[in-house]
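Numbered by my numbering, the letters in the sequence shown go through residues 2 to 116 in order. Backbone N, C-alpha and C define an ideal beta-carbon position, used for all residues, glycine too. Because the structure is a prediction, the values reported are computed rather than measured. These notes concern the structure reproduced below.
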Amino acid sequence: QVQRVESGGGLVQPGGSLRLSCAASGRTFRDYGMAWFRQAPGKERERVARISVSGTETNYKDSVKGRFAISRDNLKNAVYLQMNSLKPEDTAVYYCNTETMGWTWGQGTQVTVSS
């Protein structure tokens, strides 16, 4: 079972930035396309960004395009989400997982955007 830890969340004012990290154990990390998901209170979990195995292809939810950037470091078994120009509607718990949601969900990291 792959273990991973999401971190980097916090409270930030609108327009601010955060960088989320997801550190995973296991040699199979580099075999998977990875993604960041989020779930706001009362809403379904949604995918916000996805990155290919090699890191050369990325895809984003329309509402975060131009503000968020996903990246990965396969040597460190890590995936990152740089979030800029944050908005209150970005408030959610953020999770990393394979792009097919093949791992069990972790605890995630809370992102709160509020003045």
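Which residue from Glu7, Asp91, Ser18 and Ala70 puts its Cα closest to that of asparagine 85?
Your numbering for residue 85 matches position 84 in the sequence shown. Checked all of Glu7, Asp91, Ser18 and Ala70; the closest Cα to asparagine 85 is Ser18.
By the three-class DSSP mapping on this structure, what secondary structure does glutamate 7 have?
In the sequence shown, residue 7 corresponds to position 6, counting from 1. Three-state result, glutamate 7: strand.
Which same chain residues, not among the five before or five after arginine 20, have their C-beta less than 8 Å away from its C-beta?
Here the question's residue 20 lines up with position 19 in the sequence shown. Taken in chain order, the residues that qualify are Gly9, Tyr81, Leu82, Gln83 and Met84.
Going along the chain, which residues of its own chain have a beta-carbon closer than 6 Å to the beta-carbon of tyrosine 33, five neighbours each way excluded?
Here residue 33 is taken as the residue at index 32 of the sequence shown, counted from 1. Within the same chain, tyrosine 33 has close Cβ partners Thr99.
Between asparagine 60 and phenylalanine 30, is the Cβ-Cβ spacing less than 8 Å?
In the sequence shown, counting from the first residue as 1, residue 60 sits at position 59. In the sequence shown, counting from the first residue as 1, residue 30 sits at position 29. No, Cβ-Cβ distance for asparagine 60 and phenylalanine 30 is not below 8 Å.
Would you report the Cα separation of tyrosine 96 and arginine 48, rounded to the nearest angstrom?
As a first step, residue 96 is located in the sequence shown; it is residue number 95 there, counting from the start. As a first step, residue 48 is located in the sequence shown; it is residue number 47 there, counting from the start. Cα to Cα, tyrosine 96 sits roughly 9 Å from arginine 48.
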